[in-house]
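Okay, so here's the structure we're looking at.
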Amino acid sequence: MKKMLTRAMMLLIVVAMVLSCGSCATGGGNAQGETKGELPEGLGELSAELQEALMNSGKIQVYCYDGVSDYYKDLFNEFGTKYGGEVDARIVSWEGWQDVFFTHYAANDAPDLIYVFEKLWPKVGNRGMLYTTNELKEKGVLGLDHFLITDNEETTKRAFTFKGEQYAFTFKTIDPGFIFINESMFEEHEVKSPSAYYAEGNWNWDTFLKAAREITGDWDGDGNNDTIGYYGWDTDYFVLANGGQLISLQEDGTLVNTMDSLNTKNGLDYARNFYNVERVGTTDKNAGEDKVAMRGWLATNICTNDIPNSQVDWSIVPFPTGPDASGVVVPGIIDGWGCVSSSENPQGVVNFIICEKMYRYDGSTGESYKTWKEKLGDKAYSNGKTMLETVVEYQKFTVAPIYQGVGSLYNSQWGFWNTVRGTSQTTQEIISANRSMFDAQIEAENNASVK
């Protein structure tokens with residue numbers, strides 16, 4: 318995850334779940350399909366008009382990244398049989414797909430909907446490339462209030478609102494960032510576990526560092542550390558958890574360099590100290606469960622083989638909020654779909670998003686609460702609060718790190734975070750060395766905005 322989830326891990330999740338779709342092409346379609354679907358149960362009370370709209374989805378086009386997964390093959394079949402829809406696939410490479418989208422959009426050859434996440438958002442909103450919820454309503458699209466706007470309402474609006482307008486909808490569970498605790502290791506070495514600090518209401522940056530220090534050690538006396546406190550790539554998560562941002566989006570849609578803010582600097586200082594001075598954190602992906610005591614992951618990683626098939630006892634605690642943040646902040650991932658403003662079948666787009674939401678919640682696919690319950694349902698902290706309850710609670714505090722822009726501006730940000738983790742330079746030296754470059758790229762991005 319780049320961050321709590323390694324970049325490679327995030328790509329796997331994205332490709333397997335959202336981008337492995339088998340459909341895409343130009344944006345067109347007819348909301349009135351020839352074959353009506355048979356709607357699934359669980360949609361709630363539907364008006365006759367909404368029911369008719371949901372059963373006649375027509376054709377939509379979606380990008381599919383480097384192929385079509387079995388998940389999306391099944392989902393497309395669900396869309397066809399239950400919602401009367403058809404998905405037309407355009408296979409594109411994951412690498413650089415955002416720039417490909419801009420090219421297709423300019424040529425009036427864009428798909429009907431696109432995957433929206435922190436690498437791309439809010440650039441597409443800033444350039445008028447997505448319909449807002451109000452614009453969709455003005456076009457007569459149904460089902461927005463019934464299904465999409467109200468789901469995780471405040472968190473979703475905060476993530477996907479631009480200039481007061483919401484541009485995208487979550488299609489899956491919001492992913493708060495959690496730290497997975499190797500309880501077996503803490504017990505073996507008689508070190509107080511982060512889950513104990515959390516149960517006491519004393520889980521913060523100080524106790525996080527204390528736990529990492531105490532569990533990092535050369536237990537056999539051979540001169541090499543046998544265990545290390547933490548694994549994660551999340552330099553930007555420390556900044557975000559402290560209420561900071563490297564680049565901030567203003568209400569008028571412009572980007573501003575905020576790397577000199579106190580919240581950002583203190584977050585960077587903490588990360589540099591953690592990795593480079595204390596040396597209680599690692600980014601070595603080969604460090605296994607016999608080496609690492611805490612791992613920064615998204616809550617949904619409990620659905621992978623990393624935790625369920627482990628031989629150790631794992632628990633989870635939220636990523637700790639920094640001391641300068643004005644309230645609880647949990648870095649995480651908020652994925653969404655956006656309806657491209659050139660689409661001729663926006664009702665079909667909304668129906669597809671509804672289809673996927675229902676498919677995930679009702680089935681055993683993706684990051685469903687059902688899967689979470691299987692992995693966390695019987696686990697609780699010493700204060701009696703269950704871990705599942707904690708995951709659900711922290712969804713509302715989740716904030717997705719914003720990698721503003723694409724292309725060179727995005728790459729510069731990713732390079733910046735890597736530099737912070739791996740240099741002997743001070744925070745101010747790092748900022749001074751990068752400030753003018755970011756200023757020039759931010760100016761170019763602001764000049765490219767068209768809406």
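Numbers in my numbering are just positions in the sequence shown, counted from 1, shifted up by 317.
C-beta: ideal position from N, C-alpha, C; glycine also.
Report task. Note down, one range per segment and in chain order, each alpha helix (DSSP H) of at least 4 residues found wholly within the region 373 to 452. Result -> 387 to 400, 414 to 423, 440 to 443
**Report entry** Euclidean distance between Cα positions of Thr398 and Glu661
**Finding:** What you label residue 398 is simply residue 81 of the sequence shown in a count that begins at 1. What you label residue 661 is simply residue 344 of the sequence shown in a count that begins at 1. For Thr398 and Glu661, the distance between alpha carbons rounds to 22 Å.
Requested in this report: Please check the pair Ala528 and Gly546, which I expect to be a contact at CB under 8 Å, by giving their CB distance rounded to whole angstroms.
Outcome: Along the sequence shown, read from residue 1 onward, the residue named residue 528 stands at position 211. Along the sequence shown, read from residue 1 onward, the residue named residue 546 stands at position 229. Their Cβ separation, rounded to whole angstroms, is 7 Å, which keeps Ala528 and Gly546 in contact under 8 Å.
Query raised in the report: Name the DSSP bridge partner or partners of Thr552?
Result: For the purposes of this step, residue 552 is taken as residue 235 along the sequence shown, with counting starting at 1. Paired residues: none, contrary to the question.
Report task. Could you tell me how far apart the beta carbons of Asn258 and Thr533 are, in whole angstroms, since I believe they sit closer than 8 Å? Result -> This structure cannot settle anything about residue 258, because the visible part of the chain is limited to 318 through 768.
**Report entry** Straight-line gap, Ala610 to Ala697 (C-alpha atoms, nearest Å)
**Finding:** Translated into the one-based positions of the sequence shown, residue 610 becomes position 293. Translated into the one-based positions of the sequence shown, residue 697 becomes position 380. Going by the C-alpha atoms only, they are around 19 Å apart.
Requested in this report: Output yes or no for whether 9 Å exceeds the beta carbon distance between Trp614 and Phe495.
Outcome: The residue you call residue 614 lines up with position 297 of the sequence shown. The residue you call residue 495 lines up with position 178 of the sequence shown. Cβ atoms of Trp614 and Phe495: closer than 9 Å.
Query raised in the report: To which residues of the same chain is Gly518 closer than 7 Å at the C-beta, ignoring the five residues directly before and after it?
Result: What you label residue 518 is simply residue 201 of the sequence shown in a count that begins at 1. Nothing meets the Cβ criterion.
Query raised in the report: In its own chain, which residues sit with a C-beta less than 8 Å from the C-beta of Gln758, not counting the 5 before and 5 after it?
Result: In the sequence shown, the residue the question calls residue 758 occupies position 441. Closer than 8 Å at Cβ, skipping near neighbours: Gly722, Ser725, Leu726, Ser729.
Report task. Please classify Asp492: does DSSP put it in a helix, a strand, or coil? Result -> One-based indexing of the sequence shown puts residue 492 at position 175. In this structure, Asp492 counts as strand in the three-state DSSP scheme.
Report task. Report the rounded CA-to-CA distance for Ser632 versus Phe497, giving the unit in angstroms. Result -> In the sequence shown, counting from the first residue as 1, residue 632 sits at position 315. In the sequence shown, counting from the first residue as 1, residue 497 sits at position 180. Answer to the nearest angstrom: the Cα atoms are 6 Å apart.
Requested in this report: Count the CB pairs spanning the region 506 to 515 and the region 470 to 486 that are closer than 8 Å, and state whether there are at least three.
Outcome: no
Report task. Go ahead and label Asp416 buried or exposed: buried means 16 or more other beta carbons lie within 10 angstroms of its beta carbon, across all protein chains shown. Result -> Translated into positions along the sequence shown, residue 416 becomes position 99. So Asp416 counts as exposed.
**Report entry** Beta bridge counterpart(s) of Ser632 as assigned by DSSP
**Finding:** Position 315 of the sequence shown, counted from the start, is the residue given in the question as residue 632. Bridge partners of Ser632: Ile498.
Query raised in the report: What residue from Arg407, Thr743, Ile431, Gly361 has the CA that sits closest to Val657's CA?
Result: The residue given as residue 657 occupies position 340 in the sequence shown. The candidate whose alpha carbon is nearest that of Val657 is Ile431.
Query raised in the report: Can you tell me where the beta strand (DSSP E) with Ala610 in it begins and where it stops?
Result: As a position in the sequence shown, residue 610 is number 293, starting the count at 1. Unbroken beta strand (DSSP E) run through Ala610: 609 to 615.
Query - Distance CB(Gly384)-CB(Met372) smaller than 9 Å - result: Numbered from 1 along the sequence shown, position 67 holds the residue referred to as residue 384. Numbered from 1 along the sequence shown, position 55 holds the residue referred to as residue 372. No, these two residues do not count as a Cβ contact at 9 Å.
Query raised in the report: Per DSSP, which one or two residues make a beta bridge with Ser565?
Result: Residue numbering aside, residue 565 sits at position 248 when the sequence shown is read from its first letter. The partner list for Ser565 (beta bridge, DSSP) reads Val573.
Query raised in the report: Which whole-angstrom value is the C-beta distance of Pro637 and Asn521, which I expect to be below 8 Å?
Result: As a working note, residue 637 is residue 320 in the sequence shown. As a working note, residue 521 is residue 204 in the sequence shown. Pro637 to Asn521, Cβ: 5 Å. Contact.
Query raised in the report: Any idea which residues DSSP pairs Ile545 with across the strands?
Result: By one-based count along the sequence shown, residue 545 stands at place 228. In DSSP, Ile545 forms a bridge with Val609.
Requested in this report: Could you say which of Ala761, Phe555, Val629, Val597 lies nearest to Glu504 if we only look at CA atoms?
Outcome: As a working mapping, residue 504 is identified with position 187 in the sequence shown. Nearest C-alpha to Glu504: Val629.
Query raised in the report: So, is Met321 buried or exposed, given that buried needs 16 or more other C-beta atoms within 10 angstroms?
Result: Here residue 321 is taken as the residue at index 4 of the sequence shown, counted from 1. Unreliable positioning characterises Met321 in this predicted model, as indicated by a pLDDT of 39, which lies under 50. The coordinate reading is nonetheless provided below. With 16 or more other Cβ atoms within 10 Å, it is buried.
Query raised in the report: Which of the three DSSP states, helix, strand or coil, is assigned to Ile650?
Result: Taking the first residue of the sequence shown as 1, we reach residue 650 at position 333. Correct three-state label for Ile650: strand.
Query raised in the report: Are Asp652 and Phe418 closer than 9 Å when you measure CB to CB?
Result: Here the question's residue 652 lines up with position 335 in the sequence shown. Here the question's residue 418 lines up with position 101 in the sequence shown. The answer is no: Cβ separation not under 9 Å.
Report task. For the alpha helix (DSSP H) holding Asn700, just list the boundary residues, first then last. Result -> In the sequence shown, the residue the question calls residue 700 occupies position 383. No alpha helix (DSSP H) contains Asn700, which DSSP labels as neither H nor E.
Query raised in the report: Ordered along the chain, which non-local residues of its own chain (more than five positions away) have a Cβ less than 7 Å from that of Ser578?
Result: For this step, residue 578 is matched to residue 261 along the sequence shown. Closer than 7 Å at Cβ, skipping near neighbours: Gly561.
Query raised in the report: So, are the CB atoms of Thr743 and Arg589 less than 9 Å apart?
Result: For the purposes of this step, residue 743 is taken as the residue at position 426 of the sequence shown. For the purposes of this step, residue 589 is taken as the residue at position 272 of the sequence shown. A contact, by the Cβ cut-off of 9 Å.
Query - Three-way DSSP call (helix, strand, coil) for Asp535 in this model - result: One-based indexing of the sequence shown puts residue 535 at position 218. Three-state DSSP puts Asp535 in coil, outside helix and strand.
Query raised in the report: If you draw a straight line from the C-alpha of Phe755 to the C-alpha of Leu392, how long is it?
Result: In the sequence shown, counting from the first residue as 1, residue 755 sits at position 438. In the sequence shown, counting from the first residue as 1, residue 392 sits at position 75. A straight-line Cα-Cα distance of about 41 Å links Phe755 and Leu392.
Query raised in the report: Based on the DSSP output, what are the partners of Ala482 in its beta bridges?
Result: By one-based count along the sequence shown, residue 482 stands at place 165. Here residue 482 turns out to be Glu, not Ala, going by the sequence shown. Phe479.
Query - Assigned secondary structure, Pro357 (DSSP; H/G/I helix, E/B strand, else coil) - result: Residue 357 sits at position 40 when you count from the first residue of the sequence shown. In the structure shown, Pro357 sits in coil (DSSP, three-state: anything other than H, G, I, E or B).
**Report entry** Beta bridge counterpart(s) of Gly598 as assigned by DSSP
**Finding:** Here residue 598 is taken as the residue at index 281 of the sequence shown, counted from 1. DSSP output for Gly598 lists Tyr547 as bridge partner(s).
**Report entry** Contacts around Thr575, its chain only, beta-carbon distance under 8 Å, and the 5 residues preceding and following it disregarded
**Finding:** Working through the sequence shown from its first residue, we reach residue 575 at position 258. Here the set comprises Gly561, Gln562, Leu563, Ile564, Ser565, Thr581.
**Report entry** Sheet register partners of Cys656 (DSSP bridge)
**Finding:** Here residue 656 refers to the residue found at position 339 when the sequence shown is read from its first residue. Note: Cys656 sits in a beta bridge opposite Leu430.
Report task. Please classify Thr473: does DSSP put it in a helix, a strand, or coil? Result -> Counted from its first residue, the sequence shown places residue 473 at position 156. Three-state result, Thr473: helix.
Query raised in the report: If you draw a straight line from the alpha carbon of Asp429 to that of Tyr515, how long is it in whole angstroms?
Result: In the sequence shown, counting from the first residue as 1, residue 429 sits at position 112. In the sequence shown, counting from the first residue as 1, residue 515 sits at position 198. Using only the alpha carbons, I get a separation of about 44 Å.
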